[in-house]
Every structure is written in structure tokens, then in C-alpha cells.
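Engineer:
Numbering (my numbering), first residue to last: 629 to 944.
1. Straight-line CA distance for residue 659 to residue 754?
2. Nearest CA to the CA of residue 877: which residue from 843, 810, 707 and 804?
3. DSSP on residue 684, reduced to helix/strand/coil?
4. Across which residues does DSSP place residue 805 in a beta bridge pair?
5. Around the Cβ of residue 677, are there at least 16 other Cβ atoms within 10 angstroms (buried) or fewer (exposed)?
6. Among the candidates 713, 902 and 889, whose CA atom is the shortest distance from the CA of residue 913?
7. Could you name the residues of the same chain whose beta carbon sits closer than 6 Å to that of residue 650, not counting the 5 residues immediately before and after it, in chain order?
8. In this structure, does DSSP put residue 925 in helix, strand or coil?
9. Take residue 926 and list the residues in its own chain whose beta-carbon comes closer than 6 Å to its own, dropping the five residues that flank it on each side.
10. Between the C-alpha atoms of residue 790 and residue 812, what's the straight-line distance to the nearest angstrom?
11. Suppose you measure from the CA of residue 962 to the CA of residue 740; what does that come to, to the nearest Å?
12. Label residue 934 either buried or exposed according to how many other C-beta atoms from any shown protein chain fall within 10 Å of its C-beta, with 16 as the threshold for buried.
13. What does residue 775 pair with, by DSSP beta-bridge criteria?
14. How would you label residue 910, buried or exposed, when you count the other beta carbons within 10 angstroms and need 16 or more for buried?
15. Are residue 588 and residue 845 closer than 8 Å when you measure CB to CB?
16. Would you check if the distance between the CB atom of residue 756 and the CB atom of residue 770 is smaller than 8 Å?
17. Could you have a look at residue 694 and say whether DSSP puts it in helix, strand or coil?
18. Ends of the alpha helix (DSSP H) at residue 906?
19. Between the alpha carbons of residue 711 and residue 742, how many angstroms are there, rounded?
20. To which residues of the same chain is residue 709 closer than 7 Å at the C-beta, ignoring the five residues directly before and after it?
21. Would you mind reading off the limits of the alpha helix (DSSP H) that contains residue 834?
22. Do residue 797 and residue 808 have their C-beta atoms within less than 8 Å of each other?
23. Count the C-beta pairs between the region 774-783 and the region 716-731 that are closer than 8 Å, then say yes if the count reaches three, no if not.
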């Protein structure tokens, strides 16, 4: 358990694998239907291994079928960030065992989506206590509609629900480091948080950052393009020049990568807003290709430019 956590709000802090390999296979860009007919995300592939990359003495990046994970090891117990899909749990435990024989302690969810929380139940059974923002527990406790995919995600089982929740922020001291857990205002969803390992200087920002692909913004659970931009600005204020930034999907990043992503979001937002304010419909805005200058730098494995433009248009 996080027995030494400070539950009170503290002062806001001044706050290779390809993207195609790491991004969830929710949308095929080559054959993607119109946004209203997008298919729901599939379950994870049981066969995808979990790759482990050492970032610091006792901090690792874990990458597999779902969202990027992080692991802190040590005698006070292992802390794992995010849980991928349910079928990935055996692979996750195998990956942890290759770098640590310390006991399972705490699993932190960056937000509620299944590619980050699907393994909660299995990892809880393996000894992890789940911690997340209070909105994540609320979202997981009841069925949720994925508006873009026209699908409903059922409520999670009791063992998958966070047992420890917080509102604005929480500070944790563990394994010779201090961790800040801080909630973003609604961005990708209304449940997003970042986790900053101070000594290791590793920052996990969850799905406010899709590195190398256009992001999915969950408009059905509070996500907006404006919120994404503000969240990225908050993360940029936390990161230093040498900070290792773990995105929700895609390869490990530096602050310069996050800044480029911010600039892309802002540019596309402004172009779409201009079109919308001039009276363009969503489909007319998509036809104008407001993302064109960035398309060559974004993998087409996840979210195609038209789908992303539609989300931006609808969440302005």
C-alpha cells in the first residue's frame, strides 16, 4: 500500500520502436471508415511480448500490446504504471520478473481506457494495490460509451477498481525516490494524470501524448483538443532538458518531441477553428486537409488525418 502518501493537494508543480508498433490498433488508417462508423478497439494480441528498457537504476519502460507502462523496482515494493489489456498480464509479470524479485506493491493508472486498465484485475490478483484519480474509479465502476466507436465498455470487476484515489495531486516516497501524481484538467479524458519520478527524472504522461501518431481524444468522457493542448503545456512545464518522457503510445521521448507535438496540436486546432468559424461543416473542414503539413511525420497505423480532424472539429 502507499502508506506514506500525502493525500492533501500540494502546490501545482512548475508543472527503436516505431509509433506503429506501439500504437493501439483501434483504427486502420488505410481503410478507416468515416468517424461515425469507426470500429471499436479489439482485445490485445496474446502473443505480443512486453519489451523492457532500462531508463534509470530501478526504473524501466515496458511496451507491449496496450499503452506504454513504467516500472519502479525496489525493496519497498514494485510500482507499476498502467496495466495494458487483460490478456497481457502474464507477459507483464514475466517482464517484471526479468528485472526484479521485489514484491508487487502498487499499480497506478494514468486514465480509465482499457488498453491501460484492462490488466487491473489480473495484476491486483498478483498482489498490486491499484491507485488512480477518483474519476478513473468512477468511470471503471459504470458502463462507459466510446462515442467515436459507437460501443459501450462494461463496468470493470471489483478487483479492477482503484482502492486508493485522489483528487488534484498526491506525493509518494518510495524506493529512494519521490513521485508526483498530478491530475490534468479534462484533456484526453477527464481521468488523466501524470507521474513524475524526481530522482530518476522520468515523466509518464499517459495518453495526453501519442508520439508519432495523431492522438485519439475521447470526447465521450470529457476529452477536447483545447484540453489536450493545456495538458501538454502543463507537462512541458514539468519536464527538463534531460527528462525521459513516456507517452501513452509510441517511442520514448524528450522534451523537444513533446514541444513539437504541442505545436502540431495548436496549429491544427487553429486551422480547424478558422474553417469552422467561417461556416465549414465537419466534412468540409476534413476536405481542406488542415493536417497536411504534418501527415508525412505521422504513422498511418492508428488515427488517420481525417479522423483526427473530425475530433478536433467536434471538440472545439
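Beta carbons are placed, not taken as given, at the ideal position from N, Cα and C, and that holds for glycine.
Structural biologist: On the basis of the data shown:
1. Reading the chain shown from its first residue, position 31 is the one you call residue 659. Reading the chain shown from its first residue, position 126 is the one you call residue 754. Note that residue 659 has pLDDT 31, beneath the 50 cutoff, so the model's placement of it is unreliable and no number is given.
2. Counting from one through the chain shown, the residue named residue 877 turns up at place 249. Checked all of 843, 810, 707 and 804; the closest Cα to residue 877 is 843.
3. Working through the chain shown from its first residue, we reach residue 684 at position 56. Reduced to three states, the DSSP call for residue 684 is strand.
4. In the chain shown, the residue the question calls residue 805 occupies position 177. Beta-bridge pairing links residue 805 to 802.
5. Position 49 of the chain shown holds residue 677. Here residue 677 is exposed, its C-beta having fewer than 16 other C-beta atoms within 10 Å.
6. Position 285 of the chain shown, counted from the first residue, corresponds to residue 913. The residue with the shortest Cα to Cα distance from residue 913 is 902.
7. Working through the chain shown from its first residue, we reach residue 650 at position 22. For residue 650, the predicted model reports a pLDDT of 33, less than 50, meaning its position is unreliable and no value from the coordinates is stated.
8. For the purposes of this step, residue 925 is taken as the residue at position 297 of the chain shown. Helix.
9. By 1-based counting over the chain shown, the position of residue 926 is 298. Hits under 6 Å: 841 and 842.
10. Stepping through the chain shown from its first residue, residue 790 is reached at position 162. Stepping through the chain shown from its first residue, residue 812 is reached at position 184. Taking the straight line from one Cα to the other gives about 18 Å.
11. There is simply no residue 962 to check, as the chain begins at 629 and stops at 944 in what is shown.
12. Looking up residue 934 in the chain shown gives position 306. So residue 934 ends up on the buried side.
13. Walking along the chain shown from the start, residue 775 turns up at place 147. DSSP output for residue 775 lists no bridge partner at all.
14. Position 282 of the chain shown, counted from the start, is the residue given in the question as residue 910. So residue 910 counts as buried.
15. The question about residue 588 has no answer here: the residues shown for the chain are numbered 629 through 944.
16. Residue numbering aside, residue 756 sits at position 128 when the chain shown is read from its first letter. Residue numbering aside, residue 770 sits at position 142 when the chain shown is read from its first letter. No, the pair does not count as a contact, with Cβ atoms beyond the cut-off.
17. Position 66 of the chain shown holds residue 694. The answer is coil: DSSP assigns residue 694 none of H, G, I, E or B.
18. Within the chain shown, numbered from 1, the residue matching residue 906 stands at position 278. Here residue 906 belongs to no alpha helix (DSSP H), and DSSP marks it neither H nor E.
19. Locating residue 711 in the chain shown gives position 83, counting from the first residue. Locating residue 742 in the chain shown gives position 114, counting from the first residue. Whole-angstrom Cα-Cα distance: 9 Å.
20. Here residue 709 is taken as the residue at index 81 of the chain shown, counted from 1. Here the set comprises 697, 698, 736, 738, 823 and 832.
21. Position 206 of the chain shown, counted from the start, is the residue given in the question as residue 834. No alpha helix (DSSP H) contains residue 834, which is instead part of the beta strand (DSSP E) from 830-838.
22. The residue labelled residue 797 in the question sits at position 169 within the chain shown. The residue labelled residue 808 in the question sits at position 180 within the chain shown. The answer is yes: Cβ separation under 8 Å.
23. no
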